[in-house]
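Colleague: In this note's numbering, the protein residues as written are -15 to 224. Ideal Cβ placement from N, Cα and C applies to all residues, glycine included. All values reported here derive from a predicted model rather than from experimental measurement.
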């Protein structure tokens, strides 16, 4: 037995897999079995295991400055450099980059920033967020509320209603089409549903729409090409 409590695990159905080392695209357990690491850990080991360039960079940074926080205006060169690099990549003029320790923390921060922004701009009712069914945005309280997987909500009292989380249909054409409708017809129906949801709730109460470019937890769902441009048109029309 171990004192370790595993996250997101059904302990009655899952056996322990003890990974002890990695090499390239493979990981090895304590019994010597080799596995192809198809998830790149949790999408954070894309350069593989044992990458000398990465190891050298980490080692150099550990010797130079292992850690420094950024509260109260304190900063360090690499944080500013990375922020500037990302700012040039994203399609947002004069983008500002906010770093977090995980995707869950990042999405919780998104919710906090939305609340803060609309409070200080005199729009305190504009707090609701539209998220997709079967989406995944994290496991902490706010990010789990954004997540469209019921298993993430059961028994946890996740504040879905308190945070004003609204659901839109997953843009999964293969599973979501009705009566042989075309892909264009499928997108048109989902966009109409979105329009109806916004009209029902009131655009003045909706702060944002959040979605994954590719729905991983939903089954690696790639939306039809016309879906997100059409959604953006609707959101811009309603100032969301």
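1) Counting C-beta neighbours from all protein chains within 10 Å, is the total for residue 40 16 or more, i.e. buried, or is it exposed?
2) Less than 7 Å between the beta carbons of residue 191 and residue 102, yes or no?
3) Throw me the rounded Cβ distance for the residue 129 and residue 149 pair, which I believe falls under 8 Å.
4) Using the Cα positions of residue 97 and residue 23, report the straight-line distance between them to the nearest angstrom.
5) Considering only residues of the same chain and omitting the five flanking positions on each side of residue 6, which have a CB-CB separation below 6 Å?
6) Helix or strand or just coil, what does DSSP make of residue 3?
7) What does residue 18 pair with, by DSSP beta-bridge criteria?
8) Determine the closest residue to residue 122 out of 95, 2, 0 and 109, with distance taken between C-alpha atoms.
9) Could you check how far apart the C-beta atoms of residue 152 and residue 210 are, in whole angstroms? I think they sit under 8 Å.
10) Quick one: Cα of residue 49 to Cα of residue 84, how far?
11) In terms of alpha-carbon separation, which member of 8, 4 and 208 lies closest to residue 17?
12) To the nearest angstrom, how far is it from the Cα of residue 100 to the Cα of residue 195?
Modeller: So, from the listed chains and residues:
1) exposed
2) In contact: residue 191 and residue 102 (Cβ atoms closer than 7 Å).
3) 5 Å
4) About 30 Å.
5) 33
6) strand
7) Residue pairing for residue 18: DSSP places it in a beta bridge opposite 12.
8) 95
9) No, residue 152 and residue 210 are not in contact; Cβ-Cβ is about 16 Å, not under 8 Å.
10) Just so you know, the alpha carbons of residue 49 and residue 84 end up roughly 19 Å apart.
11) 4
12) 21 Å
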